[in-house]
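In this note's numbering, the protein residues as written are 79 to 336. In this text, a Cβ means the ideal position worked out from N, Cα and C, and glycines have one as well. Heads up, the thing below is written out as structure tokens.
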Ligand code: DGL
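In structure tokens form, the structure reads like this:
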């Protein structure tokens with residue numbers, strides 16, 4: 079069955095996968111769905127999050143008629159991918175921190191993981207590190223304020239360099255660290271600013287192109303874009319209108335979650 083590609087995140091973070099997705103699939107229709115009413119996810123309890131993610135994704139899959147669901151959220155993917163795959167009839171592509179490519183790229187064998195508090199402490203993340211970065215030291219830094227910062231910047235507010243500096247400081251204190259995983263999809267939206275906060279050249283690695291590549295592999299036939307790509311949001315938010323318009327999505331439509 080042909081349907082659009084549904085991209086889901088708590089807020090604007092999933093927009094960071096839109097460019098690689100359009101690069102690989104320029105004619106495919108996209109639907110962007112976000113749970114802006116419940117943002118942020120990164121500080122919420124796991125049991126609540128699983129139920130919420132299932133409910134929002136189920137509603138968005140049904141309203142969009144999508145052929146594939148892309149969970150463009152590390153916090154959701156490291157917790158709820160199995161539950162989503164069990165519940166939904168469409169293929170589900172997840173997003174997990176780019177530990178594997180970072181471990182390959184790092185020359186000093188010391189990498190940083192910048193993610194939400196939920197993602198940095200998940201057993202899924204422990205397993206990822208064990209499997210792909212066993213020979214590396216990994217410094218994990220919870221960076222929840224950067225989620226809000228990305229939301230603010232995309233809504234048109236001036237960035238606050240102090241927030242980025244303060245949150246990333248524990249990484250730069252590690253003298254030999256040379257590579258940082260942006261393990262939250264909100265963070266590539268601040269990539270230049272994070273780079274600017276670093277006192278030396280650091281490689282910043284994210285999963286966005288890998289997600290687009292994986293989507294091409296698992297999806298069937300994508301519906302062709304006939305009109306502007308759609309956006310679904312769980313809450314009304316004038317600031318979101320501006321953020322999604324900058325990525326060429328139509329004005330958000332309200333998504334009712336059962
Ligand atoms: N963008 C999400 C992620 O990749 C989470 C942001 C949040 O809601 O805390 O983890």
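- Item | Exposure of residue 321, with buried meaning 16 or more beta-carbon neighbours within 10 Å | buried
- Message: So if DSSP puts residue 188 in a beta bridge, which residue, or which two residues, is it bridged to?
- Response: 215
- Message: Looking at residue 290: is its Cβ nearer than 9 angstroms to the Cβ of residue 163?
- Response: no
- Assumed close pair residue 260, residue 284 - CB separation to whole angstroms, cut-off 8 angstroms: 4 angstroms
- Query: Cα separation between residue 238 and residue 250?
  - Reply: 18 angstroms
- Task: Just the C-alpha distance for residue 234 and residue 280, rounded to the nearest angstrom, thanks.
- Result: 27 angstroms
- Message: Suppose you measure from the CA of residue 224 to the CA of residue 157; what does that come to, to the nearest Å?
- Response: 20 angstroms
- Query: How long is the line joining the alpha carbons of residue 286 and residue 92, rounded to whole angstroms?
  - Reply: 9 angstroms
- Where the beta strand (DSSP E) through residue 311 begins and ends: 308-311
- Looking only at DSSP bridge pairs, what is residue 332 linked to? 311
- Message: If I follow the unbroken alpha helix (DSSP H) through residue 265, where does it start and stop?
- Response: Residue 265 -> no alpha helix (DSSP H), and no H or E assigned at all.
- Message: Measuring only the C-alpha atoms, how far is residue 132 from residue 139?
- Response: 10 angstroms
- Query: Just to check, is the beta-carbon of residue 309 closer than 8 angstroms to a non-hydrogen atom of the ligand DGL?
  - Reply: no
- Task: Please determine, among 319, 85, 207 and 246, the residue with the shortest C-alpha to C-alpha distance to residue 278.
- Result: 246
- Terminal residues of the continuous beta strand (DSSP E) containing residue 147? 146-149
- Item | Residues sharing a beta bridge with residue 281, DSSP | 257
- Query: For residue 119, does the three-state DSSP call read helix, strand or coil?
  - Reply: coil
- Under three-state DSSP, which class holds residue 108? strand
- Task: Check the DSSP bridge columns for residue 302 and list the partner residues they point to.
- Result: 106
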